[in-house]
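Undergrad: Here the sequence shown stands for residues 4 to 185, numbered as in the working numbering.
Below: one structure in structure tokens.
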Amino acid sequence: MTLLIDKGRGSRLVSTRPVKRIMELSVTFNILVLTIGLLFNGTLLVIFIRERTMRTVANAYIVNLALTDLVLSVGFLPLFTVNILTDKWLFGNIACKMVNFLGIGIMAVSVYTFCALSAERYYTICNILRLRLNSTCYFSKKHTTLIIIISIWVFSCLLSIPYGINARVIEDSCVRVKYSED
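Structure below.
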């Protein structure tokens, strides 16, 4: 297939084969990521639930990352893949808002979880002697970790609300509308 492009100085024919090939690779990659993500993140969650010895503070953050990956795999990738295949948004305004909300929210949860995990590891390494003498370290307590993880989710959801509100379907595309004060 070829396109006729006119830039004012004359027309020229351009092949769309490279674009189609990129779309095919993108869809294949998305399906692969979806499958692997569901398999490995699901397995990680099952192991964490079944094995009590795996329920450490650091693993709680890793499980939170696995949970965010699962939400991304189930709630975002299938819609995004269909959008690539059809070259239009088929899911309506509410799904458009949810995908934008989820995309930003999940990204924020991942980043803040990595930050919390890094801080916890740093604190543990720097205070290893104190932790051996006194095992009731505040930052490394499991209930504190749960509060931090819940706070990460709440803050990330609040952060992503404007992205969901400003998303809408325009001309068969799911876009975020930016408003200016002009």
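Note that beta-carbon positions come from the ideal geometry of N, C-alpha and C, so glycine has one too.
When you compare the CB positions of Thr116 and Leu162, do they come within less than 8 Å of one another, or not?
TA: no
Undergrad: For Val102 versus Phe79, is the C-beta spacing smaller than 8 Å?
TA: Yes, the Cβ-Cβ distance between Val102 and Phe79 is below 8 Å.
Undergrad: Is Arg179 helix, strand or coil when you go by DSSP?
TA: Correct three-state label for Arg179: strand.
Undergrad: Could you check what DSSP says for Arg171 in three-state terms: helix, strand or coil?
TA: strand
Undergrad: Any idea if Asp175 is buried or exposed, counting beta-carbon neighbours within 10 angstroms, 16 or more meaning buried?
TA: exposed
Undergrad: Which residues bound the alpha helix (DSSP H) around Leu93?
TA: Run containing Leu93: none; DSSP gives neither H nor E here.
Undergrad: Round the Cβ separation of Val60 and Lys145 to the nearest angstrom and send it over; I've been treating them as touching at under 8 Å.
TA: 6 Å
Undergrad: Using a Cβ-Cβ cutoff of less than 7 Å, which residues in the same chain neighbour Asp9 once the five nearest sequence positions on both sides are dropped?
TA: Since pLDDT at Asp9 reaches only 45, below the 50 mark, its modelled position is unreliable, and the value read off the structure follows with that caveat. Shown here for Asp9: not one same chain residue has a beta carbon closer than 7 Å to its own, the five before and five after excluded.
Undergrad: Among the candidates Tyr64, Asn33, Ile87, whose CA atom is the shortest distance from the CA of Ile150?
TA: Tyr64
Undergrad: Buried or exposed: which applies to Ser154, given that a residue is buried once 16 or more other Cβ atoms fall within 10 Å of its Cβ?
TA: Burial is judged here by how many other beta carbons sit within 10 angstroms of a residue's own beta carbon; Ser154 has fewer than 16 and is exposed.
Undergrad: Sorted by chain position, which residues of the same chain lie with C-beta nearer than 6 Å to Thr89's C-beta, five sequence neighbours on each side aside?
TA: none
Undergrad: Would you decide whether Cys99 is buried or exposed? Buried here means 16 or more other CB atoms lie within 10 Å of its CB.
TA: buried
Undergrad: Taking the CB atoms as reference points, tell me whether Asn130 and Phe83 lie closer together than 8 Å.
TA: no
Undergrad: Measuring alpha carbon to alpha carbon, tell me which of Val74, Val172, Arg124 ends up nearest Asn44.
TA: Closest in C-alpha terms to Asn44, from the list Val74, Val172, Arg124, comes Val74.
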